[in-house]
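The sequence shown lines up with residues -13 to 589 when you count with our numbering.
Written below as structure tokens is the structure these notes are about.
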Amino acid sequence: MTTPSPSVTLSPGTTEGPYNPGVAVNNPADISVIVIYFLVVLAVGVWAMVSTNRGTVGGFFLAGRSMVWWPIGASLFASNIGSGHFVGLAGNGAAGGIATGGFEWNALVIVIILGWIFVPIYIKAGVVTMPEYLKKRFGGDRIRMYLSVLSLFMYIFTKISADMFSGAIFIREALGLNIYVAVVILLAITALYTVTGGLAAVIYTDTLQTIIMVVGSFILMGFSFNEIGGYNALEEKYMNAITTKTTDPLFNISEKCYTPRADSFHLFRDPINGDLPWPALIFGLSVLAIWYWCTDQVIVQRCLSAKNMSHVKAGCILCGYLKLLPMYLMVFPGMVSRVLYTDVIGCVVPSVCKQYCDTEVGCSNIAYPRLVVKLMPQGLRGLMLSVMLASLMSSLTSIFNSASTLFTMDLYTKIRPHAKERELMLAGRVFILVLIGISIAWIPIVQTAQSGQLFDYIQSITSYLGPPIAAIFLLGIFIKRVNEQGAFWGLIIGLLIGLSRMITEFVYGTGNCVKPSNCPWIICGIHYLYFALILFGATCIIVLGVSLITKPIDDVHLYRLCWSLRNRKEERIDLDAGNSSNNDNDSEAEDDEGNSLMIYFFE
């Protein structure tokens, strides 16, 4: 690896050398903490395996519907907070200030909507997966299959890859391990208790890992603020955290590329020129949040495992309170990291950034890992590595379990409609192993994406593919006039609109301040959160327009599937009930299950 140019002058107190994935965690104290962490996690997973019923589909995929509020709330939080949050939020905070924390605070309202509006409908519908709800609501199989395949695609190529990308950054900073070795070990341990333990093991280990994440992050936040002299000192020093190396013979680097934003400590920013415009942060982000929190299998599945609605609502409230924390536990420490290691975290010259963190477009992604390996004492450094491992593993376990549920209940049952319960559980476990294989095969792409392009691409996928799904669920629940034709064409046209921007942006690249993208402004010039809002509106117009010119669905098919019909007691007739005698039997069984679930949850 090359060494820095002699012309590089480091900021006061900055003693960083060239990129050298090191041996920060190589002492008995740190190693002991990490080993103890793994043993405790495995012990909790084994305890969950032997103490819960995993012999049925409901037991394996929904934890026997026996969960109480506090593990549900903790698991919702842990499933959401992956290693990408520690790396991504801290990195964005280091680069642009506190506005990125608005992504977390937006969830406070949305999780309440989840617990009070969406989950009661799902429970009354008697469903296990989100595509299953769409099948009951609209009939037919094409919408259900569309959502199942799209969800699995997004799990594999966004959530898993994002967590592996950010986790690999931390592992390399802290341990200096080969990325392949480290990630394979993590995936193997993660898969062990997911494959064998089902959702109960996932939720209980998520609860443990939430405690570890919060405690460890509070400790690091305390060390960070103590190092720079508190919040008032952060406000002053962050605005002066400007790298001393700002010239490059190959590029004309503008001052705005390396100077902290004037609005760094503003949560709401200019609606036109802001990097996170306030209308987009409130409205555009809410569209994505509804897709993520209210319609995503990973999140909703935790709520469906609850004993009753009181535990669902209490779990959502707990999750909302926990979502207040990332601003303080991740964003502010990222900003502190820029103050302490200005030339590294705030680097702007591509060749210098390459020397510091092995990527040319900036080193803000290593803001949090750098704090851990440089600021924390032995033992606590091992605890913080455990925090990162906890966030990575809890996120991956959630994805593995929910993806296997989608595959088993929505896709495998179409291939093997008469499969027995044992076969369904085996198929779910085998599919988790397939996900592991795809994840390992994805590692080379993760490695080559250190420019940040993959991370930006991942955000684009959620922004460009999520809004149509959010629109379908919202309209399906609140407007009973919406039918299958409207929903299907809304999804298809919305998908094409989203793909048109996503593919174009990926081809041209997102660019950065030093090397802007050549993507045409008419396609890429609109902020992605504004685009999400536009896409959501366009999908709604298409869905309503097509539905109004086609035949409506009779109320008898919509009892307890729409908000206005949620309390109807009459027997619901499945939309596909007339297709075959098998469907008649299935409809009857599903309706009986839905009724029993209603009694159980709402008694």
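We put the CB at the ideal spot given by N, CA and C, even for glycine.
**Request:** Please classify Ala227: does DSSP put it in a helix, a strand, or coil?
**Result:** The count along the sequence shown starts at 1 and reaches residue 227 at position 241. Ala227 falls in the coil class under three-state DSSP.
**Request:** If I'm right that Val325 touches Tyr224 with Cβ under 8 angstroms, what's the distance once you round it to whole angstroms?
**Result:** To locate residue 325, count along the sequence shown from 1; it is residue 339. To locate residue 224, count along the sequence shown from 1; it is residue 238. Contact flag correct, Cβ pair sits at about 6 angstroms.
**Asked** Counting pairs of Cβ atoms below 8 angstroms between the stretch 321 to 338 and the stretch 232 to 249, do you hit three or more?
**Response** yes
**Request:** Could you name the residues that DSSP lists as bridge partners for Gly497?
**Result:** If you number the sequence shown from 1, residue 497 lands on position 511. Partner(s): Pro502.
**Request:** Take Arg130 and list the residues in its own chain whose beta-carbon comes closer than 8 angstroms to its own, dropping the five residues that flank it on each side.
**Result:** The residue given as residue 130 occupies position 144 in the sequence shown. Hits under 8 angstroms: Pro117, Glu118, Leu120, Lys121 and Asp396.
**Request:** Per DSSP, which residues does Pro263 bridge with? Please list them.
**Result:** Looking up residue 263 in the sequence shown gives position 277. Beta-bridge partners assigned by DSSP to Pro263: Arg255.
**Request:** Determine, using beta-carbon pairs with one atom in the stretch 100 to 119 and one in the stretch 339 to 357, whether at least three such pairs fall under 8 angstroms.
**Result:** no
**Message:** At the level of alpha carbons, what is the spacing between Asn78 and Gly70?
**Reply:** Mapped onto the sequence shown, residue 78 falls at position 92. Mapped onto the sequence shown, residue 70 falls at position 84. The alpha-carbon atoms of Asn78 and Gly70 are separated by roughly 11 angstroms.
**Request:** Determine the closest residue to Ala160 out of Gly215, Val373 and Leu392, with distance taken between C-alpha atoms.
**Result:** For this step, residue 160 is matched to residue 174 along the sequence shown. Scanning Gly215, Val373 and Leu392 for the CA closest to the CA of Ala160 turns up Val373.
**Neighbourhood of Trp264 by C-beta distance below 7 angstroms, restricted to the same chain and skipping five residues each side** = If you number the sequence shown from 1, residue 264 lands on position 278. These residues qualify, in order along the chain: Phe254, Arg255 and Pro257.
**Message:** Output needed for Thr1: all residues of its chain with C-beta closer than 7 angstroms, excluding positions within five of it in sequence on either side, in chain order.
**Reply:** Along the sequence shown, one-based indexing puts residue 1 at 15. Low local confidence applies: a pLDDT of 43 at Thr1 is under 50, so the model's placement there is unreliable, with the coordinate-based value given in what follows. Annotation for Thr1: no residue places its beta carbon closer than 7 angstroms to its own, counting only its chain and skipping 5 residues before and after.
**Request:** Tell me whether Thr590 is buried or exposed, calling it buried when 16 or more other Cβ atoms sit within 10 Å of its Cβ.
**Result:** Lying before the first or after the last residue shown, residue 590 is absent from the chain, which here runs from -13 to 589.
**Asked** What is the DSSP secondary structure of Asp127, counted as helix, strand or coil?
**Response** Position 141 of the sequence shown, counted from the start, is the residue given in the question as residue 127. The answer is coil: DSSP assigns Asp127 none of H, G, I, E or B.
**Item:** One or two residues paired with Met53 in a DSSP bridge
**Value:** Here residue 53 refers to the residue found at position 67 when the sequence shown is read from its first residue. In the DSSP output, where bridge partners are listed per residue, Met53 has Ala292.
**Asked** Quick one, which of Met316, Lys555, Tyr450 and Pro454 has its alpha-carbon nearest Thr144's?
**Response** In the sequence shown, counting from the first residue as 1, residue 144 sits at position 158. The shortest Cα separation from Thr144 among Met316, Lys555, Tyr450 and Pro454 belongs to Tyr450.
**Request:** Could you give the DSSP three-state label for Tyr5: helix, strand or coil?
**Result:** For the purposes of this step, residue 5 is taken as residue 19 along the sequence shown, with counting starting at 1. Any answer about Tyr5 is weak, because its pLDDT of 48 lies below 50 and its placement is not dependable; what the coordinates show is given next. Coil at Tyr5, not helix or strand.
**Message:** Tell me the rounded alpha-carbon separation between Asp192 and Ser65.
**Reply:** The residue you call residue 192 lines up with position 206 of the sequence shown. The residue you call residue 65 lines up with position 79 of the sequence shown. If you take the alpha carbons of Asp192 and Ser65, they lie about 7 angstroms apart.
**Prompt:** Can the beta-carbon of Tyr516 be found less than 8 angstroms from the beta-carbon of Ala266?
**Reply:** On the sequence shown, position 530 is the one that residue 516 refers to. On the sequence shown, position 280 is the one that residue 266 refers to. Taking 8 angstroms as the Cβ cut-off, Tyr516 and Ala266 qualify as a contacting pair.
**Asked** Hey, quick one: how far does the alpha helix (DSSP H) through Gln364 stretch, first residue to last?
**Response** Taking the first residue of the sequence shown as 1, we reach residue 364 at position 378. Premise fails: Gln364 is in no alpha helix (DSSP H) and is neither H nor E.
**Item:** C-beta contact flag for Leu371 and Val322 at 8 angstroms
**Value:** Position 385 of the sequence shown, counted from the first residue, corresponds to residue 371. Position 336 of the sequence shown, counted from the first residue, corresponds to residue 322. No.
**Asked** To the nearest angstrom, how far is it from the Cα of Glu470 to the Cα of Val54?
**Response** Reading the sequence shown from its first residue, position 484 is the one you call residue 470. Reading the sequence shown from its first residue, position 68 is the one you call residue 54. Those two C-alpha atoms are separated by around 36 angstroms.
**Message:** On the DSSP bridge list, what partners appear for Asp560?
**Reply:** Residue numbering aside, residue 560 sits at position 574 when the sequence shown is read from its first letter. According to DSSP, which records beta bridges pairwise, Asp560 is partnered with nothing at all.
**Prompt:** Got a sec, what are the start and stop residues for the alpha helix (DSSP H) Glu90 sits in?
**Reply:** Locating residue 90 in the sequence shown gives position 104, where the first residue counts as 1. Membership of Glu90 in the alpha helix (DSSP H) is indicated by the continuous run Gly88 to Trp91.
**C-beta contact flag for Ala457 and Phe522 at 8 angstroms** = Start at 1 with the first residue of the sequence shown, and residue 457 comes out as number 471. Start at 1 with the first residue of the sequence shown, and residue 522 comes out as number 536. Yes; because the gap between Cβ atoms is below 8 angstroms, this pair is in contact.
**Per-residue DSSP class, three states only, for Asp234** = Indexing the sequence shown from 1 puts residue 234 at position 248. It is a strand residue.
**Request:** Can you grab the Cα-Cα spacing for the pair Ser425 / Ser550, in whole Å?
**Result:** One-based indexing of the sequence shown puts residue 425 at position 439. One-based indexing of the sequence shown puts residue 550 at position 564. When rounded, the distance between both Cα atoms is 43 angstroms.
**Message:** Suppose you measure from the CA of Ile528 to the CA of His297; what does that come to, to the nearest Å?
**Reply:** Taking the first residue of the sequence shown as 1, we reach residue 528 at position 542. Taking the first residue of the sequence shown as 1, we reach residue 297 at position 311. Going from the Cα of Ile528 to the Cα of His297 covers about 37 angstroms.
**Spatial distance of Ile463 from Ala111 (CA atoms)** = In the sequence shown, counting from the first residue as 1, residue 463 sits at position 477. In the sequence shown, counting from the first residue as 1, residue 111 sits at position 125. If I take the Cα positions, the gap works out to 11 angstroms.
**Prompt:** Measuring CA to CA, which of Gly82, Thr196 and Met295 is closest to Ile98?
**Reply:** Here residue 98 corresponds to residue number 112 of the sequence shown, with the count starting at 1. That would be Met295, whose Cα lies nearest to the Cα of Ile98.
**Of the listed residues Ala60, Pro14, Lys299 and Leu311, nearest to Trp91 (C-alpha basis)** = Residue mapping note: residue 91 aligns to position 105 of the sequence shown, counting from 1. Out of Ala60, Pro14, Lys299 and Leu311, Leu311 has the C-alpha closest to the C-alpha of Trp91.
**Item:** Own chain residues within Cβ distance below 7 angstroms of Ser503, not counting five before or after
**Value:** As a position in the sequence shown, residue 503 is number 517, starting the count at 1. So the qualifying residues of the chain are Tyr494, Gly495, Thr496, Gly497 and Cys510.
**Message:** So, at 7 angstroms on beta carbons, what are the nonlocal neighbours of His513 in its own chain, with the 5 sequence-adjacent residues on each side left out?
**Reply:** As a first step, residue 513 is located in the sequence shown; it is residue number 527 there, counting from the start. Pro263 and Ala266.
**Prompt:** Leaving out five residues before and five after Ile197 in sequence, what residues of the same chain have Cβ atoms less than 8 angstroms from its Cβ?
**Reply:** Numbered from 1 along the sequence shown, position 211 holds the residue referred to as residue 197. Correct list, in chain order: Ala60.
**Item:** Proximity winner among Thr394, Arg552, Gly320 and Asn259, relative to Val114 (alpha-carbon distances)
**Value:** Start at 1 with the first residue of the sequence shown, and residue 114 comes out as number 128. For Val114, the nearest C-alpha among the options comes from Thr394.
**Request:** Leaving out five residues on either side along the sequence, give the residues of the same chain with a beta carbon under 8 angstroms from the beta carbon of Ile635.
**Result:** The requested residue 635 is not part of the displayed model; the chain covers only -13 to 589.
**Message:** Using a 10 Å radius around the Cβ and a threshold of 16 neighbouring Cβ atoms, would you call Lys596 buried or exposed?
**Reply:** Only positions -13 to 589 of the chain appear in the structure, and residue 596 is not among them; the question remains open.
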